Amino acid sequence: MATERESMEFDVVIVGGGPAGLATACRLMQLATQNEREISVVVLEKGSEIGAHILSGAILEPSALNELFPDWKEKQAPLNTEVTGDEIYFYTGPEKAIKMPNALVPKPMHNEGNYIVSLGNVTRWLGEQAESLGVEIFPGFAASEVLFNDDGSVKGVATGDMGRGADGAEKAGFEQGMELHAKYTVFAEGCRGSLGKQLIKHFSLDKDCSPQHYGIGLKELWQVDPANHKPGLVVHGLGWPLSESGSTGGAFLYHLEDNQVVVGLIIDLNYSNPHLSTFEEFQRFKTHPKIAATLQGGERISYGARAIAKGGLNSLPKMTMPGGLLLGCDAGTLNFAKIKGTHTAMKSGMVAAEVLFETLGGSDDAANGGADLAQFKSAFESSWAYEELKASRNFGPAVHKFGTWIGGAFNFLDQNFFKGKIPLTLKDETPDHATLKPAAECKTIDYPRPDGTLTFDKPSSVFLSNTNHEEDQPCHLQLADTDIPIKTNLAKWAEPAQRYCPAGVYEVVEKEGESRFQINAQNCVHCKTCDIKDPSQNITWATPEGGGGPNYPNM
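Under our numbering, residues 24 to 578 are what the sequence shown spells out, in order.
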């Protein structure tokens, strides 16, 4: 018989120990300290530690950090490499590239005063600041269920059970999940959060906005020859290899400290050719002479992948609901025109903290929880983060509608001459999963075999992500209909899950003339691409046991 779960009570529960969630927690406790009030705040993080699942380019604009911790330098925040130069290239083919004059670069893409960072390490530092302020942090606890009050408002969350077998039965050492009840619950799970997705549907938070749009970012950390290292150099690019399949996206190469660089490729998930392999496109990109020259003779240290919300203001859902707030990447508060967004995600959390603090200290019913904090909307819209989102609202739709060249020209005019105030708003109303063409109508892509020097295979890459899951547990990649992968997706789109997944999770296994769909859930790096791009919307990404997934070092 099911037993009643243990529960804990807090003023605020924050789901997700990323920049937005931790900024919320830190600002709440700062306000409590300044005003001599007690507020109980807990942060739940599904990773084994704060920062374990964080993956980003990353260029950090320090505006939000300057507000949150003006003394961040004295507190030794890991912002060690200030940007010293920007270069942008159009990769016109596998051997050629055109360097773009700085005068023709959209202003938001300039990086003077910004820092090249490991966002995982910045997040770890934020976690330390949060704990020093009195925030409780529970790493290794995956919030798997939203709890509701009788009146329909959000009551809190429940963490997943630990120690269930693949068949759902309790194993030795089974531990039941616990409930965390709150006056207000903040959902800051990151891009395509599993609970955020449920809440958007449950409360129809997206009924007045365009569909959210996504990219998948693939990234590697390299130790390179000191002769090839230029600390502080930021290199962005677009074009090849994605241009060969008519796809869009961008690439980056950032020179960190200690002779390390990060290289990555972002692929817009509105691509149409089902034969495209996200992993292979990234590996192929590294062979371009402009990139290979830096990596040659170096050693690959780490690999990872993560979906990115890039719909911007046009896709921003309602961020409030009775008893809860949706923040950060979950809501899409990223300025993709700047190719950076941590600062805007953090600012959304800081605004949320100020609204929560005022509400909890009030004298009306809202102080006891369960209210729809409608005032957050006006508070956020009064912030510089919203102004940034508004100014960049056309960036993604322009590229989606017009392609790389014309879309890029539009964005140059919009950002440099109109300062984001061009008197029209472009929108893209086609969801990313609906853009695939039938495989028979598309050109197959012949990817070269990995050379083990610049290019590698999926198994060795997943190994470098330190991904680990308890194998004997219920599969967290759930199929609504087990027949669809073979009968529909394979027949029409050559089952693209084999190729959009960057970790080898999905396979079509042929045996005795029959095809079988195989899920290698233990390989999952929690990128969420399958939940986004599956053309039949048949895959739901749910949280595995807490602590499972990648453990990214310095990513």
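Yeah, the Cβ is synthetic: ideal placement off N, Cα and C, and Gly gets one too.
The model shown is predicted, which means the values in this text are computed figures rather than measured ones.
Val35 burial status per 10 Å Cβ neighbour count (16 or more: buried): Within the sequence shown, the letter at position 12 stands for residue 35. Val35 comes out buried.
Range of the contiguous beta strand (DSSP E) that encloses Glu404: What you label residue 404 is simply residue 381 of the sequence shown in a count that begins at 1. Where Glu404 is concerned, there is no enclosing beta strand (DSSP E), although the alpha helix (DSSP H) it sits in stretches over 398-404.
Phe171: first and last residue of the uninterrupted beta strand (DSSP E) it sits in: If you number the sequence shown from 1, residue 171 lands on position 148. Looking at the DSSP string, the run of the beta strand (DSSP E) that includes Phe171 is 166-171.
Residue burial classification, Gly39 (beta-carbon count within 10 angstroms, cutoff 16): Residue mapping note: residue 39 aligns to position 16 of the sequence shown, counting from 1. Burial call: buried.
Three-pair Cβ contact test at 8 Å for the region 512-522 versus the region 472-490: no
Beta-carbon proximity check, Gly393 vs Pro345, cutoff 8 Å: To locate residue 393, count along the sequence shown from 1; it is residue 370. To locate residue 345, count along the sequence shown from 1; it is residue 322. Result yes, Cβ atoms of Gly393 and Pro345 sit closer than 8 Å.
For Tyr523, three-class secondary structure by DSSP: Here residue 523 is taken as the residue at index 500 of the sequence shown, counted from 1. Tyr523 falls in the helix class under three-state DSSP.
Burial state of Glu29 (16 or more Cβ within 10 Å): Sequence index remark: in the sequence shown, residue 29 carries index 6 (1-based). Per the 10 Å Cβ criterion, exposed.
For Gln438 and Pro129, the rounded distance between their alpha carbons: On the sequence shown, residue 129 is found 106 positions in, with the first residue counted as 1. On the sequence shown, residue 438 is found 415 positions in, with the first residue counted as 1. Cα to Cα, Pro129 sits roughly 6 Å from Gln438.
Cβ-based burial, Asn417 [other Cβ within 10 Å; buried from 16]: Sequence index remark: in the sequence shown, residue 417 carries index 394 (1-based). By the 10 Å Cβ count, Asn417 comes out buried.
Start-to-end residues for the alpha helix (DSSP H) that takes in Lys363: Here the question's residue 363 lines up with position 340 in the sequence shown. First-last for Lys363: undefined, no H or E at that position.
Sheet register partners of Ser30 (DSSP bridge): By one-based count along the sequence shown, residue 30 stands at place 7. BP columns for Ser30 point to Glu202.
Runs of alpha helix (DSSP H) lying entirely within the region 478-524, each at least 4 residues, in chain order: 481-487, 520-523
Inter-residue CB distance, Gly143 and Gly44 (contact presumed, cutoff 8 Å): Looking up residue 143 in the sequence shown gives position 120. Looking up residue 44 in the sequence shown gives position 21. The Cβ separation is near 14 Å, so there is no contact.
Tyr294 in three-state terms, based on DSSP: Position 271 of the sequence shown, counted from the start, is the residue given in the question as residue 294. Tyr294: coil per DSSP, three-state reduction.
Proximity below 8 Å, CB of Ile239 to CB of Ala328: Working through the sequence shown from its first residue, we reach residue 239 at position 216. Working through the sequence shown from its first residue, we reach residue 328 at position 305. In contact: Ile239 and Ala328 (Cβ atoms closer than 8 Å).
Proximity to Ile429 [Cα-Cα], best of Thr271, Met132, Ser371, Gly443: One-based indexing of the sequence shown puts residue 429 at position 406. Answer by Cα proximity: Thr271.
Whole-Å CB distance - Val548 paired with Val485, under 8 Å assumed: Taking the first residue of the sequence shown as 1, we reach residue 548 at position 525. Taking the first residue of the sequence shown as 1, we reach residue 485 at position 462. About 7 Å; that satisfies the 8 Å criterion.
Coarse secondary structure for Leu261, derived from DSSP in three states: Here residue 261 is taken as the residue at index 238 of the sequence shown, counted from 1. The answer is strand: DSSP assigns Leu261 an E or B state.
Beta-carbon spacing of Leu349, Leu222 below 8 Å: Within the sequence shown, numbered from 1, the residue matching residue 349 stands at position 326. Within the sequence shown, numbered from 1, the residue matching residue 222 stands at position 199. Contact flag set, yes.
From Glu90, Lys313, Ala192, Leu156, residue whose alpha carbon lies closest to that of Leu477: The residue given as residue 477 occupies position 454 in the sequence shown. That would be Lys313, whose Cα lies nearest to the Cα of Leu477.
Sequence-distant residues of the same chain with beta carbon closer than 8 Å to Asn293, five excluded per side: Walking along the sequence shown from the start, residue 293 turns up at place 270. Excluding residues within five positions, the ones whose Cβ falls inside 8 Å are His236, Thr271, His423, Asp451, Thr453, Asp455, Thr458.
Alpha-carbon spacing of Glu494 relative to Gly219, whole angstroms: Translated into positions along the sequence shown, residue 494 becomes position 471. Translated into positions along the sequence shown, residue 219 becomes position 196. Glu494 and Gly219: Cα-Cα distance of roughly 26 Å.
Extent of the continuous alpha helix (DSSP H) run through Ser217: Walking along the sequence shown from the start, residue 217 turns up at place 194. Element bounds for Ser217: 217-225.
Contact belief for Asp184 with Glu198 at Cβ below 8 Å, rounded distance in angstroms: For the purposes of this step, residue 184 is identified with residue 161 of the sequence shown, where counting begins at 1. For the purposes of this step, residue 198 is identified with residue 175 of the sequence shown, where counting begins at 1. 7 Å between Cβ atoms; contact.
Nearest to Thr467 (by Cα), restricted to the options Pro124, Ser295, Ser86: If you number the sequence shown from 1, residue 467 lands on position 444. Closest by alpha carbon: Ser295.
Asn391 vs Thr317 beta-carbon contact at 8 Å: The residue you call residue 391 lines up with position 368 of the sequence shown. The residue you call residue 317 lines up with position 294 of the sequence shown. The answer is no: Cβ separation not under 8 Å.
Complete runs of the alpha helix (DSSP H) confined to the region 302-363 [at least 4 residues]: 312-318
Assigned exposure category for Lys309 - 16 Cβ within 10 Å defines buried: Here residue 309 is taken as the residue at index 286 of the sequence shown, counted from 1. Lys309 comes out buried.
Per-residue DSSP class, three states only, for Gly572: Start at 1 with the first residue of the sequence shown, and residue 572 comes out as number 549. Here Gly572 sits in strand by DSSP.
Residues that Asp109 bridges to, as DSSP identifies them: Translated into positions along the sequence shown, residue 109 becomes position 86. Paired residue(s): Val257.
When Asp388, Glu381, Ala375 are compared against Glu404, the one with the closest alpha-carbon: As a working mapping, residue 404 is identified with position 381 in the sequence shown. Among Asp388, Glu381, Ala375, the Cα nearest to that of Glu404 belongs to Ala375.
Residue range of the unbroken alpha helix (DSSP H) whose run includes Met52: Working through the sequence shown from its first residue, we reach residue 52 at position 29. Counting along the chain, the alpha helix (DSSP H) containing Met52 begins and ends at 42-57.
Coil, strand or helix - Asn577 by DSSP: Taking the first residue of the sequence shown as position 1, residue 577 is located at position 554. Three-state DSSP puts Asn577 in coil, outside helix and strand.
Expected contact under 8 Å - CB spacing of Ala205 and Phe33 to nearest Å: By one-based count along the sequence shown, residue 205 stands at place 182. By one-based count along the sequence shown, residue 33 stands at place 10. About 5 Å; that satisfies the 8 Å criterion.
Alpha helix (DSSP H) segment containing Leu412, residue limits: Position 389 of the sequence shown holds residue 412. Taken as a continuous stretch (DSSP letters only), the alpha helix (DSSP H) holding Leu412 covers 407-414.
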